[in-house]
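Colleague:
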Amino acid sequence: MNFYTVLCLFLVNSFVLASKPTGIRRNHITRTREIIIPVKVHLDFHLSKKIAKEHGFRTRKKIKDIVHTILREANKLFRRPSLNQTIILKLLDTKFLRRTKMVATDENATIYLKNYCEMQSYYKSLEKKQYYSILLTGLNLFYISNGRKFTKSTARSYTNGVCNVKKSCALLEWKPKNMGYLLAHEIGHSLGMSHDGPPNNDCTKQDIMQPKYDPSNHPNTWSHCSRLYFEYFMRSEKAWCLQGSSSRSTIKYNI
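Residues -18 to -1, 1 to 237 (mature numbering (1 follows the signal peptide of the UniProt record, and there is no 0)) are what the sequence shown spells out, left to right.
1) Hey, would you say A91 sits closer than 9 Å to F124, going by beta carbons?
2) If we ignore side chains and look at the alpha-carbon of each, how far apart do I149 and E109 end up?
3) Nearest-angstrom Cα distance between L117 and L79?
4) Would the stretch 136 to 144 and the stretch 172 to 184 be scored as touching if the rule is three or more Cβ pairs under 8 Å?
5) Could you compute how far the alpha carbon of I6 sits from the alpha carbon of C207?
6) Skipping 5 residues on each side, what residues in its chain have a beta carbon closer than 6 Å to that of G120?
7) Please report the residue range of the alpha helix (DSSP H) in which H167 lies.
8) Can you tell me which of the three DSSP states T186 falls into?
9) List the residues that DSSP assigns as beta-bridge partners of V85.
10) Buried or exposed, going by whether 16 or more other CB atoms sit within 10 Å of the CB of H177?
11) Mind checking D75: buried by the 16 CB within 10 Å criterion, or exposed?
12) For L165 versus E16, is the C-beta distance shorter than 9 Å?
13) In or out: V85 buried (at least 16 other Cβ within 10 Å) or exposed?
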């Protein structure tokens, strides 16, 4: 076997490994710059009512403090060396969602997320701006899986959705603690990451993308599987809004 044959086999194998985020290839891509994700945060009527009951006339200040704390905690996780990339969530605005037909509330997390994303898609298209939308709810969420109702739902988002105007959003059930962790986890999904562990990959369930939320244990590191999913996502067209300032001005729908 000559040198050129060996070289060709090496290149083919490297390409195959790079195209499969579930593999065990651990080398890093070069980190060139910070990635900034502009976000808008909304609080629904149910959460606003809870906070107003607890804090009275200080409600607006409390909400401002809450949102800044959540983003600060999430940003700390997105600066972890295990991701090999600094991601910054930049707050554009915080608003109350009043009772409106445009976004019907629902304790079914899947339905509520869909309603919220549709409403936000309308405004993003109207403004011709792409940003990430975050809805904090005071409802006790549930989800349906294989016909069964699970009431421990804490958050929902769409995988690979960060640059899709119809799917660049997340729904988080209000918890007094760990909101920054929950947000980082959901945005991780939006950045192409699947849960750690079988059947998705061979990583242990001990990092940020662990499949089950444990209030007493919120990890602060990303698994190598999460990093590979993210790197794979960043090479795809689905990451168009994160790949340079020239791409940000165009809204895209069906990527």
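For every residue, glycine included, the Cβ atom is placed at its ideal position computed from N, Cα and C. This one's a predicted model, so the numbers in the text were calculated from it and none came from an experiment.
Modeller: According to the structure shown:
1) yes
2) At residue 149 the sequence reads Lys, which differs from the Ile that was named. Near 16 Å, if we compare the C-alpha coordinates of E109 and K149.
3) 9 Å
4) yes
5) Only weak support exists for where I6 lies, its pLDDT of 38 falling under 50; the value from the coordinates is given anyway. C-alpha separation (whole angstroms): 8 Å.
6) H28, L29, K32, W156
7) 161 to 172
8) coil
9) DSSP, once it has assigned bridges, lists no residue as partnering V85.
10) buried
11) exposed
12) no
13) buried
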